[in-house]
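*Asks:* In this note's numbering, the protein residues as written are 2 to 238. Positions of the beta carbon are idealized from the N, C-alpha and C atoms, including for glycine. Computed from a predicted model, the values in this text were never measured in an experiment. First, the structure itself, so that you have it in front of you.
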Amino acid sequence: MQFSGGIGSFSAALHVADTYGTDDLVLLIADTRVEDPDLWRFATQAAAHIGVPLTVVADGRTPFEVFADQRFLGNSRLAPCSIHLKQRPCRRWLRENTDPADTVLYVGIDWSERHRTGAIEVGWRPWPVAFPMCDPPLMSKEDMLAECRALGIAPPRLYGLGFSHNNCGGVCVRGGQRHWLTLLRVLPDRFAQAERQEQQLRDQLGDVAILRERRGGVSRPLTLRELRRRHEEGARS
Ligand code: SF4
């Protein structure tokens, strides 16, 4: 089970444990070194409830360290952090510990993200992948959060703060403007750190940014500094 610490992967793990038992179940989680501390509280409680310890793998770097090494700033179209910090460490563990002939990789994306399943299956070959939360009974994110609460486990706090995913401490380069404005509003220190790190990469790489905007038919980088400046101006006017 690829256990991300998100609510979907928890519901999927519950489903797999209920259906197949836990004797051969592994909860494989990649540490990006920037997870919200509450992710580890949640993941530890979830693992204890399921009765399977977490298997933690890590590259050792943070997303921005990967960007610096790759000389490329991740964004919604291409995120090397996901490849280096999640896919490769998990794949290495699978290679060293499993046989694709008798292993199924469960991924907790739900039916609202069904369009992603094909690419995920291709990406994990030769391991077969299953998506329990894409099968009936279809559960919404609210259903999953309610299921979690009913078991006496507080859901990851980032959902309550307005984030749609519980990963990388809410600092995800795949997020759009709304995501970053949520970060600015509820976790301004993390926004400020990301703004500084983006600027450091701009000093090395030129006019790059995590976000882009389209103005007058032209797409151009939109820095976190500029996004914050506009937000602050809007709040003053
Ligand atoms: S959650 Fe976002 S920032 Fe973190 S590794 Fe994945 S794509 Fe990169």
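(1) Along the chain, where does the alpha helix (DSSP H) that runs through Ala69 open and close?
(2) How is Ser1 classed by DSSP in three states: helix, strand or coil?
(3) Is Thr183 near the ligand SF4, going by C-beta to nearest heavy atom under 7 Å?
(4) Does Ser113 pass the burial test, meaning 16 or more other C-beta atoms within 10 Å, or should it be called exposed?
(5) Within the same chain, show all residues whose beta-carbon is closer than 8 Å to that of Pro81, passing over the 5 residues directly before and after it, in chain order.
(6) Sorted by chain position, which residues of the same chain lie with C-beta nearer than 6 Å to Thr118's C-beta, five sequence neighbours on each side aside?
(7) Regarding Pro90 and the ligand SF4, is the C-beta to nearest heavy atom distance less than 7 Å?
(8) Which partner residues does Val219 have in the DSSP bridge list?
(9) Within a Cβ cutoff of 6 Å, which residues of the same chain sit near Pro129, ignoring the five residues on either side of it in sequence?
(10) Quick check: what's the CA-CA separation for Asp103 versus Val53?
(11) Can Gly109 and Ser12 be called in contact, C-beta distance under 8 Å?
(12) By the DSSP assignment, the beta strand (DSSP E) with Ala31 in it spans what residues?
(13) What residue from Phe65, Val17 and Gly22 has the CA that sits closest to Arg34's CA?
(14) Tell me whether Ser141 is buried or exposed, calling it buried when 16 or more other Cβ atoms sit within 10 Å of its Cβ.
(15) Going by Cα to Cα distance, which pick from Pro38, Arg179, Asp32 and Thr63 is closest to Thr56?
(16) Taking the C-alpha atoms as reference points, what is the distance between Ala120 and Leu79?
(17) Nearest to Leu139 by alpha carbon, out of Gln3, Phe4 and His16?
(18) Does the ligand SF4 have even one heavy atom less than 7 Å from the beta-carbon of Lys87?
*Replies:* With the structure as the only source:
(1) First-last of the alpha helix (DSSP H) with Ala69: Pro64 to Gln71.
(2) Nothing about residue 1 can be read from this structure; the chain reaches only from 2 to 238.
(3) Thr183 has its Cβ no nearer than 7 Å to any heavy atom of the ligand SF4.
(4) Sixteen is the threshold: since fewer than 16 other Cβ atoms of the shown chains lie within 10 Å of the Cβ of Ser113, the residue is exposed.
(5) Cβ neighbours of Pro81 beyond the five flanking positions: Val67, Phe68, Gln71, Phe73 and Gly75.
(6) Around Thr118: Phe132.
(7) Distance from the C-beta of Pro90 to the nearest heavy atom of the ligand SF4 is not below 7 Å.
(8) DSSP output for Val219 lists Arg216 as bridge partner(s).
(9) Contacts found: Val105.
(10) The alpha-carbon atoms of Asp103 and Val53 are separated by roughly 19 Å.
(11) The beta carbons of Gly109 and Ser12 sit closer together than 8 Å.
(12) Its beta strand (DSSP E) spans residues Leu28 to Ala31.
(13) Checking every option, the nearest Cα to that of Arg34 belongs to Phe65.
(14) It counts as exposed.
(15) The option with the nearest alpha carbon to Thr56 is Asp32.
(16) Rounded to whole angstroms, Ala120 to Leu79 spans 14 Å at the Cα level.
(17) Nearest of Gln3, Phe4 and His16 to Leu139, Cα basis: His16.
(18) In this structure, the C-beta of Lys87 approaches the ligand SF4 to less than 7 Å from one of its heavy atoms.
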